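J.: Have a look at the structure that comes next, please.
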Amino acid sequence: MNRDRKTAQRRIAILGSTGSIGSQALEVMAEAQEPWHPVLLTAGKRVAPLLQQVHQQQPECCVIIDPDDLATFETAEVPGTNFRVGEQHQLDAIAELDLDLVLNGITGAAGLRASIATLEAGIDLALANKESLVTAGALLKRCASASGARIIPVDSEHSAVMQCIADSDPSAIRRILLTASGGPFRGMTRDQLKDVTVEQALQHPTWKMGPRISIDSATLFNKVLEVIEARELFGLPPDGIEVLVHPQSIVHAIVEYQDGSSIAHLGEPDMRVPIRHALHQGTRAAGQFQPLDLVQRGQLTFEQVDAATFPALEIAQVVMDHPGTTLGAVLNAADEEAVAGFLSGSVGFLQIYQLVEKALQQHSPEDLVSLEQVIETDRETRERVRSWYL
30 MNRDRKTAQR RIAILGSTGS IGSQALEVMA EAQEPWHPVL LTAGKRVAPL LQQVHQQQPE
90 CCVIIDPDDL ATFETAEVPG TNFRVGEQHQ LDAIAELDLD LVLNGITGAA GLRASIATLE
150 AGIDLALANK ESLVTAGALL KRCASASGAR IIPVDSEHSA VMQCIADSDP SAIRRILLTA
210 SGGPFRGMTR DQLKDVTVEQ ALQHPTWKMG PRISIDSATL FNKVLEVIEA RELFGLPPDG
270 IEVLVHPQSI VHAIVEYQDG SSIAHLGEPD MRVPIRHALH QGTRAAGQFQ PLDLVQRGQL
330 TFEQVDAATF PALEIAQVVM DHPGTTLGAV LNAADEEAVA GFLSGSVGFL QIYQLVEKAL
390 QQHSPEDLVS LEQVIETDRE TRERVRSWYL
């Protein structure tokens, strides 16, 4: 299909469109002044919200991976929309629909194949699925280099770092500081964490997020994934990325340069801002947002991570020390399964740390060479972790 990309509608795929990132991306697109066209919407299980989006957006294709109501999905009809079931159809649609941009908002390692397929097709990837870089960063960068496609970070911290760095010489950067809110349990002791509930862990103080990332924010494993993502995106050594607890979530990242100066990125904790920046690919498009009022906000505070109480960063240091290996896949798979166990009531909060650490200790890392290797490592790790608590 030949199109004048300067005048035609920009064709975008939203993967995980019913999730937190996907639904907010559709909100941003609705307010955009330039003509966006979501030609592909995909979801994991939830048929009802996906069909509602399809009726509103009228995409060319709609894919659901594992529907919770197959009969309703199979009988749905929207003029001009093809309805498909299964992950392979999602991958096929990415390759077939002449896309300008794919926003991957899928949660977990389930988003990896789609990230690879996007970059292999030479399509720019707006990446909210940090697990793709954590589990297979070397593979993604190899695909992007071969096809010329770009990886555009959507995570607020990484979008902030990218904007602070801009066109700076990488050698001029001394370190990157990523901020963490500290989660709902900041200030608590290990003894107090023994009996925290799922409901308490889901109550993030500043961000509105899905269940898995909310629990990861409570344990600080989300910050672990973000540190690894930053390493893959910006090429810094392990000691070039640090984490500060910043309860107000106003400063999203700080880049410190060799000359002693630092550039910080500030904004209200609203994921629509980095989503908008990614969709507009760097231009400062106007949008609906709450202006930052520093006087009203008052004091901005920072503190060190309490590693003794929240040991996620220390547990995962081995992954940082061995880039380009299967350890990233082990870390993510073990964490996903441990969090699933916590959400189901089978695992205690502190047990999440124990399960992830045990999985990393029992794995012999291999150099990362293929997608199949990552998938097999992921499968084996999940089976092992589940066997420890089921």
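Read left to right, the sequence shown gives residues 30 to 419 (the numbering used here).
Even glycine gets a Cβ: it sits at the ideal position worked out from N, Cα and C.
All of these numbers come straight from a predicted model, not from anything done at the bench.
Hey, out of Arg39, Val225, Ser49 and Arg40, whose CA is closest to Lys237's CA?
T.: Position 208 of the sequence shown, counting from 1, holds the residue named residue 237. When each option's Cα is compared against that of Lys237, the closest is Ser49.
J.: Are Pro213 and Gln229 closer than 8 angstroms when you measure CB to CB?
T.: Against the sequence shown, residue 213 aligns to sequence position 184. Against the sequence shown, residue 229 aligns to sequence position 200. Cβ distance < 8 angstroms, so Pro213 and Gln229 count as in contact.
J.: Using 8 angstroms for Cβ pairs, my map puts Thr235 next to Ser197. What's the rounded Cβ distance?
T.: Reading the sequence shown from its first residue, position 206 is the one you call residue 235. Reading the sequence shown from its first residue, position 168 is the one you call residue 197. Wrong, their Cβ atoms sit about 28 angstroms apart, outside the cutoff.
J.: Taking all protein chains shown into account, decide if Ala201 is buried (16 or more other Cβ within 10 angstroms of its Cβ) or exposed.
T.: What you label residue 201 is simply residue 172 of the sequence shown in a count that begins at 1. Exposed: under 16 other Cβ atoms inside 10 Å.
J.: Is the separation between the beta-carbon of Ala307 and that of Val183 shorter than 8 angstroms?
T.: Your numbering for residue 307 matches position 278 in the sequence shown. Your numbering for residue 183 matches position 154 in the sequence shown. Cβ distance < 8 angstroms, so Ala307 and Val183 count as in contact.
J.: Can you tell me whether DSSP reads Asn158 as helix, strand or coil?
T.: Counting from 1 along the sequence shown, the entry for residue 158 is found at position 129. Coil, per DSSP.
J.: Please report how far the alpha carbon of Ala336 lies from the alpha carbon of Gln287, in whole angstroms.
T.: For the purposes of this step, residue 336 is taken as the residue at position 307 of the sequence shown. For the purposes of this step, residue 287 is taken as the residue at position 258 of the sequence shown. Those two C-alpha atoms are separated by around 27 angstroms.
J.: Rounded C-beta distance between Ala315 and Tyr382? I'm assuming under 8 angstroms.
T.: Taking the first residue of the sequence shown as position 1, residue 315 is located at position 286. Taking the first residue of the sequence shown as position 1, residue 382 is located at position 353. That pair is no contact at about 44 angstroms.
J.: Excluding the 5 residues flanking Val57 on each side, which residues of the same chain have their C-beta closer than 8 angstroms to its C-beta?
T.: Here residue 57 is taken as the residue at index 28 of the sequence shown, counted from 1. Arg301, Ile304, Arg305, Leu308 and Gly316, listed in sequence order.
J.: How do the segment 394–414 and the segment 150–169 stand: do at least 3 beta-carbon pairs fall below 8 angstroms, yes or no?
T.: Enough Cβ pairs lie closer than 8 angstroms, so yes.
J.: With distances taken from CA atoms, which of Val107, Leu44, Ala138 and Gly377 is nearest Ile93?
T.: Numbered from its first residue, the sequence shown carries residue 93 at position 64. The shortest Cα separation from Ile93 among Val107, Leu44, Ala138 and Gly377 belongs to Leu44.
J.: Take Phe371 and list the residues in its own chain whose beta-carbon comes closer than 8 angstroms to its own, dropping the five residues that flank it on each side.
T.: Here residue 371 corresponds to residue number 342 of the sequence shown, with the count starting at 1. Val227, Ala230, Ile244, Gly377, Phe378, Gln380 and Ile381.
J.: Mind checking which residues open and close the beta strand (DSSP E) that includes His281?
T.: As a position in the sequence shown, residue 281 is number 252, starting the count at 1. Run containing His281: Val280 to Tyr286, per the beta strand (DSSP E) assignment.
J.: Skipping 5 residues on each side, what residues in its chain have a beta carbon closer than 6 angstroms to that of Ala54?
T.: The sequence position of residue 54 within the sequence shown is 25, counting from 1. Result list for Ala54: Ile43, Leu132 and Ile304, in chain order.
J.: Select from Ile344, Gly269 and Thr104 the residue whose C-alpha is nearest the C-alpha of Ala77.
T.: For the purposes of this step, residue 77 is identified with residue 48 of the sequence shown, where counting begins at 1. Cα-wise, what sits closest to Ala77 is Thr104.
J.: Name, in chain order, the residues that DSSP records as bridge partners for Val114.
T.: Along the sequence shown, one-based indexing puts residue 114 at 85. Beta-bridge pairing links Val114 to Ile93.
J.: My output table needs one value for Glu343: the three-state DSSP class, helix, strand or coil.
T.: In the sequence shown, residue 343 corresponds to position 314, counting from 1. Reduced to three states, the DSSP call for Glu343 is helix.
J.: To which residues of the same chain is Pro468 closer than 7 angstroms at the C-beta, ignoring the five residues directly before and after it?
T.: Nothing can be reported for residue 468, as the shown portion of the chain is limited to 30 through 419.
J.: In the DSSP assignment, what are the bridge partners of Thr104?
T.: Position 75 of the sequence shown, counting from 1, holds the residue named residue 104. DSSP output for Thr104 lists no bridge partner at all.
J.: Go to Pro303, then tell me how far its alpha helix (DSSP H) extends in each direction, as first and last residue.
T.: As a working note, residue 303 is residue 274 in the sequence shown. Pro303 -> alpha helix (DSSP H) spans Arg301 to Leu308.
J.: Nearest by alpha-carbon distance to Val280: which of Ser290, His84 and Gln328 is it?
T.: Numbered from 1 along the sequence shown, position 251 holds the residue referred to as residue 280. With distances taken between Cα atoms, Val280 lies closest to Gln328.
J.: Between the alpha carbons of Glu89 and Ile123, how many angstroms are there, rounded?
T.: Counting from one through the sequence shown, the residue named residue 89 turns up at place 60. Counting from one through the sequence shown, the residue named residue 123 turns up at place 94. Roughly 12 angstroms between the two C-alpha positions.
J.: Going by the DSSP bridge assignment, what does Trp65 pair with across the sheet?
T.: Against the sequence shown, residue 65 aligns to sequence position 36. Paired residues: Arg39.
J.: Relative to the C-alpha of Ala175, which residue among Arg260, Asp364 and Ala150 is closest?
T.: Sequence index remark: in the sequence shown, residue 175 carries index 146 (1-based). The shortest C-alpha separation from Ala175 is found at Ala150.
J.: State buried or exposed for Asn111, treating a residue as buried only when at least 16 other CB atoms are found within 10 Å of its CB.
T.: Counting from 1 along the sequence shown, the entry for residue 111 is found at position 82. Exposed, because fewer than 16 other Cβ atoms sit within 10 Å of the Cβ of Asn111.
J.: Mind listing, in chain order, the continuous beta strand (DSSP E) runs of no fewer than 3 residues lying wholly within the segment 216–273?
T.: Fully enclosed beta strand (DSSP E) runs of 3 or longer: not present.
J.: By the 10 Å Cβ neighbour count, where 16 or more other Cβ atoms means buried, how is Ser144 classified, buried or exposed?
T.: The residue you call residue 144 lines up with position 115 of the sequence shown. Label assigned to Ser144: buried.
J.: Mind checking Gly177: buried by the 16 CB within 10 Å criterion, or exposed?
T.: Position 148 of the sequence shown, counting from 1, holds the residue named residue 177. Burial call: exposed.
J.: For the beta strand (DSSP E) containing Pro182, name the first residue and the last one.
T.: Within the sequence shown, numbered from 1, the residue matching residue 182 stands at position 153. Segment Ile180 to Pro182, the beta strand (DSSP E) holding Pro182.
J.: In angstroms, rounded to a whole number, what distance separates the CA positions of Arg411 and Trp417?
T.: Within the sequence shown, numbered from 1, the residue matching residue 411 stands at position 382. Within the sequence shown, numbered from 1, the residue matching residue 417 stands at position 388. About 10 angstroms.
J.: Report yes if the C-beta distance between Val414 and Leu141 is below 8 angstroms; otherwise report no.
T.: Stepping through the sequence shown from its first residue, residue 414 is reached at position 385. Stepping through the sequence shown from its first residue, residue 141 is reached at position 112. It is not a contact, given that the beta carbons lie outside the stated cut-off.
J.: Thinking just about the alpha-carbon of each residue, which of Val256, Leu249 and Asp153 is nearest to the one in Val190?
T.: Your numbering for residue 190 matches position 161 in the sequence shown. Here the closest residue by C-alpha is Val256.
J.: Do Val385 and Ile344 have their beta-carbon atoms positioned less than 8 angstroms apart in this structure?
T.: Here residue 344 corresponds to residue number 315 of the sequence shown, with the count starting at 1. Here residue 385 corresponds to residue number 356 of the sequence shown, with the count starting at 1. Yes.
J.: Whose C-beta lies closer than 6 angstroms to the C-beta of Asp364 among residues of the same chain, with five residues either side of it excluded?
T.: Taking the first residue of the sequence shown as position 1, residue 364 is located at position 335. The residues are Phe250 and Val385.
J.: Kindly indicate which residue of Ser291, Ser278, Asp407 and Pro108 has the alpha-carbon position closest to the one of Leu323.
T.: As a working note, residue 323 is residue 294 in the sequence shown. For Leu323, the nearest C-alpha among the options comes from Ser278.
J.: I need the straight-line Cα distance from Ala369 to Thr330, nearest angstrom please.
T.: Stepping through the sequence shown from its first residue, residue 369 is reached at position 340. Stepping through the sequence shown from its first residue, residue 330 is reached at position 301. Near 33 angstroms, if we compare the C-alpha coordinates of Thr330 and Ala369.
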